Structures are given as structure tokens and as C-alpha cells.
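Step one of this worksheet: look at the structure below.
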Amino acid sequence: DKTKGKTFYFARDENCFPCFFDSTDRVCYYPVSYVVGSQAAFLVNKDNFEILEWKTNEYSKIPSLSVETCNGIFIIRNENGIGYLSTGKGGVGQALVLPEGDTLNYQFLIVNHDIENQFISSIDYDLSQGAIDISQSPQILRHYAAVNNDCRPIKQQANLEKSVEKVTTFQVGGSLTVGIKTEIIAKVPFLAESKLELSGEVSLSLSYSSSTSDKSVHSVSMTVDVPPNHMCNMKITGNSIVTNVPFTGVITRTFKNKEVRTTSVSGTFNAQEVGEIRAIVDRYLKSPNCSSRVTVKSRGHISLCHRVLCCSFSL
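In the working numbering, the protein residues as written are 402 to 716.
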């Protein structure tokens, strides 16, 4: 405040209403009533990581990437100082408080997102706080039924193959800008013998989300002897596994003006995959196409089938 020679900080109370914190008196003044508040949360740019700029409103529209305290309340300024502006849907609304001077031409505080790239490194996992959730009901990934309607035993071979997807997510919060290419160089937790281990260092690339996916193919070849008039079900099953591990790291961002800024981050590593893959052969069942009694004649050969028993002889 140039008129009072004081420094005020942007803040909001527990009800998300904006106020100005007086660093000298250590109280927060509300812009409308100037009532003193006792509790406040501050707008903090940790490590000066974000580039903040002032941008003039054009055509009575809120500039994109304007800093919003909450509930449609934005930070503004004119030639004499700073203020807040409350808006509804659409255009610019009513200023809650604005310093004396030109009340029409003011600027909004915005975040500069002219980012060229960003990468996360120096990731350290807290495996002791990792959580593993394994579903208790296996899902069938692939199914094959071997059916023998003949009166002789047969061998059937089944080649079962299934592609499964593993989705890996690094939940970092507001520091990770979605839509910007992000490289992550880190080891990745994985489940080994019911406990978490770390893989070798890998490089992951994220673009329009904080997740990346990787597909793998599970295949198995099985040969079964199927008795006459019986069937046998073969399948590949797997359990859904969800892993969550907290981590800390360092994010480095390069802007298009070649300015580089760095800050520490914390977040949660999340992996969703299908594991514990098993090949299962069920018990033999009577074939649904088997009749109580069937007589088959073929070039002097007679087969008599009764229920699941079969006799074969030649004339």
C-alpha cells in the first residue's frame, strides 16, 4: 500500500474469503468490511517456481491462467496498488476492493505457462509406507473349452494368450503441469514375492496426463487328454494389483525464454496391473452333447455309447 507505506500479503480465511495480511500488525483485513481476521492461509510460490505476471484484461474477459484464490475471486491491481475481484460465469464482475485511481483499467495476476519441458529426478520412495491391494477374486483373462464328442479319447492342445496393461501414475499435484512434456528418470516399485522392490533406473515420458501405460503379453500352451463324451475348461486367470508408494523428488522446469526453475516435490506413485497369472485346467465334465444312448454305424464299424461309457467293435 503506497499511501500507508505498508506491505500486505494475499491471503484467505477458513471460509475461503480473501483478505490482506498486514505483516506489521500481523492481522488479516477483509477487503469489504475491513474487519480484522485471526486466521489466514497464504498464497505461496514455493522456491519462486512459478513465473507470475500481470496481464491487462481485454474486452472485459478474465485472462486465462489468472490466479484464483477460490470461488471465482481473482487478484488484480492498478497504478496505486492491489485488490480482489469477484466474478460469476462469463465476464468480469464487481471488484471487492480496488485502490483509488482508474477502476476500469486493471491487471490480473496470471501464471506463465510458456513451458518448454520439465523433468522429475532424484526420486526417493518410502517403501515402508507402501500399500499393496490384491483382489481376492481372480478375473478370467482367457478361456478355452476342449470338447470331445467322440467315443475315443483325444488329445487337444490350447494356446492361450492375453495382453495385459500396466498403468503407472506419478501423482505430484499442482507442480506437474498437464499437457507439457514431462520426463521422469527413476526406479519403479514392483511386487516381488509379496514385498516391494525397486527396478533398475528407467526413463518415462508423460504428455497429456500424469500416467503412462505399458503392455505385456502372457501366453501358455497346454495339452490335455479328454475322455470320450467329456469336456474340459482351460483358462488363464490373474489378480488385479494396486500399488501406492509415497515419494519425494526434484522437478526442474525450462521455460521457452530458457529460464530454468527447480523445486522439491512430494507425491504418490500408483501402479495398476494384473499379476499372479495362473494357467488352470478344470475338472472334466460330461459333454452337454452326449445322449443317453447313441448307435453309430460306419463301414462295418459300430460304436455303442451309453451315458459317458463307450464301446467300440468291428463287424
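Note that CB positions come from ideal geometry on N, CA and C, so glycine has one too. This structure is a prediction, so every number in the text was calculated from the model and none was measured.
Taking only the alpha-carbon atoms, compute the straight-line gap between H619 and C417 and give it to the nearest angstrom. In the sequence shown, residue 619 corresponds to position 218, counting from 1. In the sequence shown, residue 417 corresponds to position 16, counting from 1. Distance between the alpha carbons of H619 and C417 is about 52 Å.
Specify the secondary structure class of Q530 as computed by DSSP and reduced to three states. In the sequence shown, residue 530 corresponds to position 129, counting from 1. If DSSP states are grouped into helix, strand and coil, Q530 belongs with the helices.
Hey, out of I678, E677, T663, I681, whose CA is closest to S522's CA? Within the sequence shown, numbered from 1, the residue matching residue 522 stands at position 121. Closest by alpha carbon: T663.
Taking DSSP as the reference, what is the three-state secondary structure of D448? Along the sequence shown, read from residue 1 onward, the residue named residue 448 stands at position 47. DSSP places D448 in helix when its eight states are reduced to three.
Using the DSSP secondary-structure output, state which residues sit across from T613 in a beta bridge. Position 212 of the sequence shown, counted from the first residue, corresponds to residue 613. Beta-bridge pairing links T613 to T569.
Whole-Å CB distance - D527 paired with V646, under 8 Å assumed: Taking the sequence shown and counting its residues from 1, one reaches residue 527 at position 126. Taking the sequence shown and counting its residues from 1, one reaches residue 646 at position 245. Rounded, the Cβ-Cβ distance is 7 Å, consistent with contact.
Looking only at C-alpha atoms, which of V603, E517, I678, F656 sits nearest to S617? On the sequence shown, position 216 is the one that residue 617 refers to. Selected option, being the one with the closest Cα: I678.
Is the separation between the beta-carbon of A441 and that of F422 shorter than 7 Å? Position 40 of the sequence shown, counted from the first residue, corresponds to residue 441. Position 21 of the sequence shown, counted from the first residue, corresponds to residue 422. Contact annotation: A441 and F422 have beta-carbon atoms nearer than 7 Å.
Do T624 and Q558 have their CB atoms nearer than 7 Å? Along the sequence shown, one-based indexing puts residue 624 at 223. Along the sequence shown, one-based indexing puts residue 558 at 157. Contact flag set, yes.
Using C-beta distances below 6 Å, list every residue in its chain close to T457, excluding the 5 sequence neighbours before and after it, in chain order. As a first step, residue 457 is located in the sequence shown; it is residue number 56 there, counting from the start. Around T457: Q508.
By Cβ distance, which residues of its chain are closer than 6 Å to V643, with the 5 residues on each side in sequence left out? Mapped onto the sequence shown, residue 643 falls at position 242. The answer, listed in chain order, is D534, Q673.
Between which two residues does the beta strand (DSSP E) holding Q673 run? Here residue 673 corresponds to residue number 272 of the sequence shown, with the count starting at 1. Per DSSP, Q673 belongs to the beta strand (DSSP E) from 661 to 682.
Here's the rule I'm using: 16 or more other beta-carbon atoms within 10 Å means buried, otherwise exposed. How should G668 be labelled? Taking the first residue of the sequence shown as 1, we reach residue 668 at position 267. Burial call: buried.
Proximity winner among S612, G639, R684, relative to P539 (alpha-carbon distances): Locating residue 539 in the sequence shown gives position 138, where the first residue counts as 1. Comparing Cα-Cα distances from P539 to each of S612, G639, R684, the minimum goes to G639.
Whose C-alpha, out of L486, K596, C633, is nearest the C-alpha of R684? Position 283 of the sequence shown, counted from the first residue, corresponds to residue 684. The candidate whose alpha carbon is nearest that of R684 is C633.
Buried/exposed call for L607, threshold 16 Cβ in 10 Å: The residue given as residue 607 occupies position 206 in the sequence shown. Classification for L607: buried.
Those runs of the beta strand (DSSP E) which lie wholly inside the segment 580 to 609 and span at least 3 residues: 583 to 587, 590 to 593, 596 to 599, 603 to 607
Kindly indicate which three-state DSSP category E480 falls into: helix, strand or coil? Here residue 480 corresponds to residue number 79 of the sequence shown, with the count starting at 1. Note: E480 maps to coil in three-state DSSP.
Using a Cβ-Cβ cut-off of 6 Å (strictly less than) and excluding sequence neighbours within five positions of A680, which residues of its own chain qualify? Taking the sequence shown and counting its residues from 1, one reaches residue 680 at position 279. Closer than 6 Å at Cβ, skipping near neighbours: V621, I637.
Specify the secondary structure class of T504 as computed by DSSP and reduced to three states. Here residue 504 is taken as the residue at index 103 of the sequence shown, counted from 1. Note that T504 scores 49 on pLDDT, short of 50, meaning its location in the model is unreliable; the coordinates nonetheless yield the value given after this. T504 falls in the coil class under three-state DSSP.
If you reduce the DSSP assignment to three classes, tell me which class P782 lands in. In the structure as shown, the chain begins at 402 and stops at 716. Residue 782 is therefore absent and cannot be evaluated.
State the DSSP-derived secondary structure class of P647, mapped to helix, strand or coil. Reading the sequence shown from its first residue, position 246 is the one you call residue 647. Three-state DSSP puts P647 in a strand.
Whole-number beta carbon distance between E584 and F591, since they are thought to touch under 8 Å: The residue you call residue 591 lines up with position 190 of the sequence shown. The residue you call residue 584 lines up with position 183 of the sequence shown. Incorrect: roughly 20 Å between the Cβ atoms, too far for contact.
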